[in-house]
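S.K.: Shown below is the structure under consideration.
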Amino acid sequence: MNLLEAKINSLCKVENLEISDESTKIRLMELGLVVGANVKVIKKSMLKDTLLIIFNSTCFTLKANLARGILVKYA
Amino acid sequence: MREILLIGNPNVGKSTLFNRLTKSSEHTGNFHGVTVEEKSKIVKTKTDEYKFVDLPGIYSLSVFSNEEEVSKDKILFKNVERILIVDANTIKRNLYLALELSELNLPFKIVINNYDYFLKRGNKLDVEKLNKNLGIVAKIINAKKVKLKDFENGLLQEKNQNLSKFHEKTLKNAKYLENFIKIVKNRTNLDEKTIIKAFNGIYENLNKNDIKFIQSLLPEIIKARYDYIDEVLQNVLNLKENYVYGASKADKFLLNPIVMILGFLLTFFLSIYVIFFLLGPWLSDALIGIINFIIINPIMNLLYSVTDNIWFLEFVNGGIFSSVITVLSFLPQVVLLYVFLTILEDSGLIARMCFVFDDFLSKLGLNGKSIYIMLLGLGCNTMATTATKNLNGKNLRIKSAILNPYISCMARLPIFVIIASAFFGSRAYFVVVGLYLLGLVVALIFAKILNKTILPTEAGELLLEFPPVKNIDLSHVMSSVKTNASDFTKRIFGVVVSVGIIVWILTHTASNFAFTEDITKSVLYLIAGKISFIFAPIGLNSPAIICALVVGIMAKELIVSIFSISNSVATIPELIVSLTVSTSVINFTTASALSFLVFTLLYSPCMSTIAVIKKDYGSFAMWFCLISSFTIAYMLSFIVYSTMTYGIIHASISLIIIAFIMVSIIYLIKKIKTKKCLFCTKNCNKY
Chain A
138 MNLLEAKINS LCKVENLEIS DESTKIRLME LGLVVGANVK VIKKSMLKDT LLIIFNSTCF
198 TLKANLARGI LVKYA
Chain B
8 MREILLIGNP NVGKSTLFNR LTKSSEHTGN FHGVTVEEKS KIVKTKTDEY KFVDLPGIYS
68 LSVFSNEEEV SKDKILFKNV ERILIVDANT IKRNLYLALE LSELNLPFKI VINNYDYFLK
128 RGNKLDVEKL NKNLGIVAKI INAKKVKLKD FENGLLQEKN QNLSKFHEKT LKNAKYLENF
188 IKIVKNRTNL DEKTIIKAFN GIYENLNKND IKFIQSLLPE IIKARYDYID EVLQNVLNLK
248 ENYVYGASKA DKFLLNPIVM ILGFLLTFFL SIYVIFFLLG PWLSDALIGI INFIIINPIM
308 NLLYSVTDNI WFLEFVNGGI FSSVITVLSF LPQVVLLYVF LTILEDSGLI ARMCFVFDDF
368 LSKLGLNGKS IYIMLLGLGC NTMATTATKN LNGKNLRIKS AILNPYISCM ARLPIFVIIA
428 SAFFGSRAYF VVVGLYLLGL VVALIFAKIL NKTILPTEAG ELLLEFPPVK NIDLSHVMSS
488 VKTNASDFTK RIFGVVVSVG IIVWILTHTA SNFAFTEDIT KSVLYLIAGK ISFIFAPIGL
548 NSPAIICALV VGIMAKELIV SIFSISNSVA TIPELIVSLT VSTSVINFTT ASALSFLVFT
608 LLYSPCMSTI AVIKKDYGSF AMWFCLISSF TIAYMLSFIV YSTMTYGIIH ASISLIIIAF
668 IMVSIIYLIK KIKTKKCLFC TKNCNKY
């Protein structure tokens with residue numbers, strides 16, 4: 138299941154980080170997104186192109202095409 | 008002189024601290040990436056001299072954007088002192104940068120900001136224990152209230168803090184990099200210093216294979232750094248259960264697209280109505296009354312008593328005072344509108360707007376952050392063009408800079424209000440609203456065309472930290488009012504007065520260099536008359552109007568100023584009446600007035616915006632922006648004027664011709680696209 142498919146307000150665990158853009162992957166990790174950490178999707182935008190997610194106790198927006206690479210499962 | 012860099016993650020309060028320490032009024036806001044360029048100011052105290060440098064926010068040294076590159080370059084300078092500003096609410100992430108600095112053995116001090124907000128939300132931080140664990144003294148400050156004297160006596164007293172302890176603790180005790188250094192050493196011939204630099208994105212004298220190998224280790228290194236930070240913060244940081252920085256209960260309501268779009272448009276246009284049409288005239292009259300009473304009348308009375316030289320008296324009254332007064336009378340309105348924009352920025356709503364509009368704007372080849380650029384553009388196009396550096400992706404930045412001038416800035420509002428009031432009476436307000444919407448629609452359509460032709464947007468990300476929804480800080484709003492009022496006044500007394508004088512001289516000097524009161528015999532009128540045939544199809548063939556448009560490229564405020572000089576009037580009500588009188592030098596019909604409004608909205612950015620586009624994106628982008636904006640303005644004004652003058656059939660034929668021209672231009676642009684990137688400059692396409 139990927140982040141896009143996750144339900145809003147459900148806690149998901151990052152199982153793997155497979156993001157094609159290496160620099161974005163590094164940046165996400167530097168912001169505190171690590172394998173095994175919990176991520177919460179709190180909002181999807183109107184066309185579901187952008188997500189509002191929480192990790193490392195902070196709220197971030199993230200483009201869904203990048204989030205697609207984050208494999209997660211429900212915690 | 009001691010050079011002190013203020014560094015830290017975005018939106019932690021660096022510019023707020025800079026403003027307090029240097030008594031400056033740099034732009035601040037509750038949004039990620041407000042500062043895009045280095046700003047500095049020298050401050051002298053009784054004991055020392057400091058050069059404070061405010062740098063754009065940076066999350067880590069493995070830079071991700073233009074403004075992070077600016078910060079990184081400066082951070083790596085020798086002979087500078089560094090103050091790392093850390094937000095208590097996101098201390099874990101903020102300490103990541105601290106670790107990187109210590110790995111590179113770069114001295115720095117830590118200040119913890121936003122601590123009140125952190126405590127109020129039920130979180131706890133044991134600062135003593137943190138200092139003990141870090142081996143460095145981190146001090147709590149309130150960037151909004153800190154005083155230079157206290158800062159100097161406290162944090163700046165020691166030149167270089169005991170970094171060695173921190174360095175020792177992070178590198179020698181934690182040993183989190185040791186294994187990685189060994190792995191790299193086994194695989195390459197690199198020394199430890201070079202390896203650590205490479206771990207922080209500094210690849211000096213490394214070959215491609217070494218870089219690739221080191222980069223493959225980065226995910227593990229990042230994890231090791233965070234493990235160490237967790238160790239440091241153990242029993243130090245106690246966040247309230249489920250605490251999230253940035254999310255707010257109000258988001259359920261605010262992030263609804265309909266609420267956001269309608270809420271913003273209603274609030275903005277209501278503000279325009281109240282500020283410009285309801286309160287505006289009263290405020291203007293009051294201000295001008297005071298200025299006349301205190302400054303102008305006494306000076307003119309004095310001059311009348313000492314000289315009867317008509318040329319001189321006319322020059323002072325018409326060339327200086329009337330040009331200033333007509334523009335200055337809009338000061339209260341401009342300032343009030345800035346209050347609205349400041350509140351929007353401080354509240355945290357802009358990041359929410361970025362999120363809500365990201366979907367829609369992405370379809371047009373823009374990005375959620377483009378909303379921030381547009382909102383800045385409502386105030387000042389130059390400021391907004393500078394802020395395009397905040398965007399990721401070369402094409403997106405160039406596109407935003409080219410589109411930004413279509414968003415009507417404050418300088419154009421006086422023109423809209425005066426002409427709309429003169430020709431559309433009670434419907435004036437709707438004409439002004441229509442012009443704003445027209446500018447926005449043109450920008451969005453042009454964005455789509457550029458995206459499909461020469462400036463396709465790269466696969467972009469919207470990785471944006473959400474700031475919390477905050478109560479409005481009145482002192483910051485007042486400070487913003489003061490800054491913007493001061494900037495507006497400076498512009499009037501700088502550009503408007505100087506250019507106003509030149510224009511007055513040109514409009515009162517005949518071709519034989521003699522003084523003339525008849526503007527139609529002036530040099531400027533004769534020159535403008537030579538090119539008036541170009542503007543005849545859009546109903547603007549009066550040389551005086553052409554003068555106003557040409558001078559308006561310098562600064563849009565000048566257009567109103569030229570109107571008042573040409574029609575020899577000193578107040579806004581007089582000017583409004585004079586524009587409708589056919590014997591005035593500058594006058595319009597309803598059709599030409601609307602055509603003029605559309606043309607002024609779109610025809611050209613001001614000189615300072617043009618200069619920023621050239622500086623940041625090169626000559627081609629500048630010329631492209633100028634030619635495209637003029638062409639679009641001309642075509643739309645032509646449609647407006649021909650429809651109102653000759654009827655819908657004539658307009659339809661015009662539309663078909665224009666559509667044909669547009670398609671041909673787009674086809675040509677597409678052809679050019681295949682050859683090479685037209686916008687490449689020396690700064691081309693790094694991020």
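From first to last, the protein sequence lines are chains A and B. Each residue of the first sequence is one higher than the last, beginning at 138 in the working numbering. Each residue of the second sequence is one higher than the last, beginning at 8 in the working numbering. Glycine residues also receive a C-beta, built at the ideal position from the N, C-alpha and C atoms.
From Phe495 (chain B) to Gly169 (chain A), what distance separates their C-alpha atoms?
M.R.: Here residue 495 (chain B) corresponds to residue number 488 of the second sequence, with the count starting at 1. Here residue 169 (chain A) corresponds to residue number 32 of the first sequence, with the count starting at 1. Each residue's alpha carbon lies about 43 Å from the other.
S.K.: Measure the CB-CB distance between Leu462 (chain B) and Ile380 (chain B) and report whether it falls below 8 Å.
M.R.: Walking along the second sequence from the start, residue 462 (chain B) turns up at place 455. Walking along the second sequence from the start, residue 380 (chain B) turns up at place 373. Taking 8 Å as the Cβ cut-off, Leu462 (chain B) and Ile380 (chain B) do not qualify as a contacting pair.
S.K.: Rounding to the nearest angstrom, what Cα-Cα distance links Lys563 (chain B) and Ala418 (chain B) in this structure?
M.R.: For the purposes of this step, residue 563 (chain B) is taken as the residue at position 556 of the second sequence. For the purposes of this step, residue 418 (chain B) is taken as the residue at position 411 of the second sequence. The alpha-carbon atoms of Lys563 (chain B) and Ala418 (chain B) are separated by roughly 5 Å.
S.K.: Please name the residue in A:Ala204, A:Lys180, A:Thr195, A:Leu203 whose C-alpha comes closest to that of Ser147 (chain A).
M.R.: Along the first sequence, read from residue 1 onward, the residue named residue 147 (chain A) stands at position 10. Of A:Ala204, A:Lys180, A:Thr195, A:Leu203, the residue nearest in Cα terms is A:Lys180.
S.K.: Report the three-state DSSP secondary structure of Tyr235 (chain B) (helix, strand or coil).
M.R.: Locating residue 235 (chain B) in the second sequence gives position 228, where the first residue counts as 1. Tyr235 (chain B): helix per DSSP, three-state reduction.
S.K.: Could you work out which residues of chain A lie near Val363 (chain B), taking near to mean beta carbons separated by less than 8 Å?
M.R.: Sequence index remark: in the second sequence, residue 363 (chain B) carries index 356 (1-based). By Cβ distance, chain A contributes Ser182, Met183.
S.K.: Thinking C-alpha only, which one of B:Phe71, B:Val506, B:Ala535, B:Ile119 is nearest Val567 (chain B)?
M.R.: As a working note, residue 567 (chain B) is residue 560 in the second sequence. Nearest C-alpha to Val567 (chain B): B:Val506.
S.K.: Less than 8 Å between the C-beta atoms of Leu154 (chain A) and Ile207 (chain A), yes or no?
M.R.: The residue you call residue 154 (chain A) lines up with position 17 of the first sequence. The residue you call residue 207 (chain A) lines up with position 70 of the first sequence. Yes.
S.K.: Where does Ile512 (chain B) fall in DSSP's three states?
M.R.: Position 505 of the second sequence, counting from 1, holds the residue named residue 512 (chain B). Three-state result, Ile512 (chain B): helix.
S.K.: How far does the beta strand (DSSP E) with Asp94 (chain B) in it reach, from first residue to last?
M.R.: Numbered from 1 along the second sequence, position 87 holds the residue referred to as residue 94 (chain B). Looking at the DSSP string, the run of the beta strand (DSSP E) that includes Asp94 (chain B) is 88-94.
S.K.: Can the beta-carbon of Ala450 (chain B) be found less than 8 Å from the beta-carbon of Ile414 (chain B)?
M.R.: Taking the second sequence and counting its residues from 1, one reaches residue 450 (chain B) at position 443. Taking the second sequence and counting its residues from 1, one reaches residue 414 (chain B) at position 407. Yes, the pair counts as a contact, with Cβ atoms nearer than the cut-off.
S.K.: Examine chain B for any beta-carbon lying closer than 8 Å to the beta-carbon of Glu152 (chain A), and answer yes or no.
M.R.: The count along the first sequence starts at 1 and reaches residue 152 (chain A) at position 15. Cβ-Cβ to chain B under 8 Å: no for Glu152 (chain A).
S.K.: Straight-line CA distance for Leu244 (chain B) to Asp133 (chain B)?
M.R.: Here residue 244 (chain B) refers to the residue found at position 237 of the second sequence. Here residue 133 (chain B) refers to the residue found at position 126 of the second sequence. Spanning the two alpha carbons is a distance of roughly 7 Å.
S.K.: Let me check one thing: in DSSP terms, what residues is Ile49 (chain B) bridge-paired to?
M.R.: Looking up residue 49 (chain B) in the second sequence gives position 42. Per DSSP, B:Lys58.
S.K.: List in chain order: all unbroken alpha helix (DSSP H) runs of 4+ residues lying wholly within the segment 172-222 of chain B.
M.R.: Complete alpha helix (DSSP H) runs here, min 4: 185-194, 199-206.
S.K.: Listed in chain order, which residues of the segment 475-493 of chain B have Cβ atoms closer than 7 Å to some Cβ of chain A?
M.R.: Flagged: no residues at all.
S.K.: With Val178 (chain A) as the anchor, note down where its beta strand (DSSP E) starts and where it stops.
M.R.: The residue you call residue 178 (chain A) lines up with position 41 of the first sequence. It spans 175-181 - the beta strand (DSSP E) in which Val178 (chain A) sits, taken as one unbroken run.
S.K.: Based on the DSSP output, what are the partners of Lys185 (chain A) in its beta bridges?
M.R.: Against the first sequence, residue 185 (chain A) aligns to sequence position 48. Lys185 (chain A) is not bridged to any residue.
S.K.: Taking 8 Å as the cut-off, decide whether the C-beta atoms of Ser278 (chain B) and Phe206 (chain B) are in contact.
M.R.: Translated into the one-based positions of the second sequence, residue 278 (chain B) becomes position 271. Translated into the one-based positions of the second sequence, residue 206 (chain B) becomes position 199. Cβ distance not < 8 Å, so Ser278 (chain B) and Phe206 (chain B) don't count as in contact.
S.K.: Between the beta-carbon of Glu110 (chain B) and the beta-carbon of Leu184 (chain B), is there less than 8 Å?
M.R.: Here residue 110 (chain B) corresponds to residue number 103 of the second sequence, with the count starting at 1. Here residue 184 (chain B) corresponds to residue number 177 of the second sequence, with the count starting at 1. Against a cut-off of 8 Å, the Cβ pair of Leu184 (chain B) and Glu110 (chain B) comes out as a contact.
S.K.: I need the straight-line Cα distance from Ala543 (chain B) to Phe595 (chain B), nearest angstrom please.
M.R.: By one-based count along the second sequence, residue 543 (chain B) stands at place 536. By one-based count along the second sequence, residue 595 (chain B) stands at place 588. Going by the C-alpha atoms only, they are around 13 Å apart.
S.K.: Determine whether the beta carbon atoms of Leu137 (chain B) and Ala145 (chain B) lie at a separation below 8 Å.
M.R.: Start at 1 with the first residue of the second sequence, and residue 137 (chain B) comes out as number 130. Start at 1 with the first residue of the second sequence, and residue 145 (chain B) comes out as number 138. The answer is yes: Cβ separation under 8 Å.
S.K.: Whose C-beta lies closer than 6 Å to the C-beta of Tyr122 (chain B) among residues of the same chain, with five residues either side of it excluded?
M.R.: For the purposes of this step, residue 122 (chain B) is identified with residue 115 of the second sequence, where counting begins at 1. Here the set comprises Ala95, Ile147.
S.K.: Taking Lys185 (chain A) as the reference, give the member of A:Asn175, A:Ala201, A:Val171, A:Lys177 with the closest Cα.
M.R.: Reading the first sequence from its first residue, position 48 is the one you call residue 185 (chain A). Selected option, being the one with the closest Cα: A:Ala201.
S.K.: Would Ala114 (chain A) be called buried (16 or more neighbouring beta carbons within 10 Å of its own) or exposed?
M.R.: Shown here, chain A extends from 138 to 212; a query on residue 114 (chain A) therefore has no answer.
S.K.: Determine, using beta carbons only, whether Gly375 (chain B) comes closer than 8 Å to chain A.
M.R.: The residue you call residue 375 (chain B) lines up with position 368 of the second sequence. Yes, because at least one Cβ of chain A sits closer than 8 Å to the Cβ of Gly375 (chain B).
S.K.: Name the residue from A:Thr198, A:Glu159, A:Ala143 whose alpha carbon lies nearest to the alpha carbon of Leu225 (chain B).
M.R.: Indexing the second sequence from 1 puts residue 225 (chain B) at position 218. Comparing Cα-Cα distances from Leu225 (chain B) to each of A:Thr198, A:Glu159, A:Ala143, the minimum goes to A:Glu159.
S.K.: For the candidate residues B:Ile499, B:Glu472, B:Val476, B:Asn574, whose alpha-carbon lies nearest to that of His515 (chain B)?
M.R.: Residue numbering aside, residue 515 (chain B) sits at position 508 when the second sequence is read from its first letter. The option with the nearest alpha carbon to His515 (chain B) is B:Asn574.
S.K.: Work out the CA separation of Lys204 (chain B) and Asn112 (chain B) for me, nearest whole Å.
M.R.: Your numbering for residue 112 (chain B) matches position 105 in the second sequence. Your numbering for residue 204 (chain B) matches position 197 in the second sequence. Roughly 10 Å between the two C-alpha positions.
S.K.: Near Ile218 (chain B), which residues of its chain fall below 8 Å by C-beta distance, leaving aside the five closest residues on each side in sequence?
M.R.: As a position in the second sequence, residue 218 (chain B) is number 211, starting the count at 1. Counting only Cβ-Cβ distances below 8 Å, and skipping sequence neighbours, we find Ala205, Tyr210.
S.K.: Decide yes or no for the touch test of the segment 469-478 of chain B against the segment 284-300 of chain B: beta carbon pairs closer than 8 Å, at least 3 of them.
M.R.: Contact fails: fewer than three Cβ-Cβ distances are below 8 Å.
S.K.: Answer with buried or exposed for Arg164 (chain A), where buried requires no fewer than 16 other C-beta atoms within 10 angstroms of its C-beta.
M.R.: The residue labelled residue 164 (chain A) in the question sits at position 27 within the first sequence. Its Cβ being crowded by 16 or more others within 10 Å, Arg164 (chain A) is buried.
S.K.: Please compile the residues from chain B whose C-beta is within a distance smaller than 7 Å of the C-beta of Asn193 (chain A).
M.R.: Taking the first residue of the first sequence as position 1, residue 193 (chain A) is located at position 56. Ordered by position in chain B, the residues that pass the 7 Å Cβ test against Asn193 (chain A) are Lys99, Arg100.
S.K.: Using the Cα positions of Asn299 (chain B) and Phe603 (chain B), report the straight-line distance between them to the nearest angstrom.
M.R.: Against the second sequence, residue 299 (chain B) aligns to sequence position 292. Against the second sequence, residue 603 (chain B) aligns to sequence position 596. Each residue's alpha carbon lies about 31 Å from the other.
S.K.: I'd like to check one pair, Leu547 (chain B) with Ser493 (chain B): are the Cβ atoms closer than 8 Å?
M.R.: If you number the second sequence from 1, residue 493 (chain B) lands on position 486. If you number the second sequence from 1, residue 547 (chain B) lands on position 540. Not closer than 8 Å, so no.
S.K.: Using a C-beta cutoff of 8 Å, does Val266 (chain B) count as contacting chain A?
M.R.: Translated into positions along the second sequence, residue 266 (chain B) becomes position 259. Chain A, which has no Cβ nearer than 8 Å to the Cβ of Val266 (chain B), makes this no.
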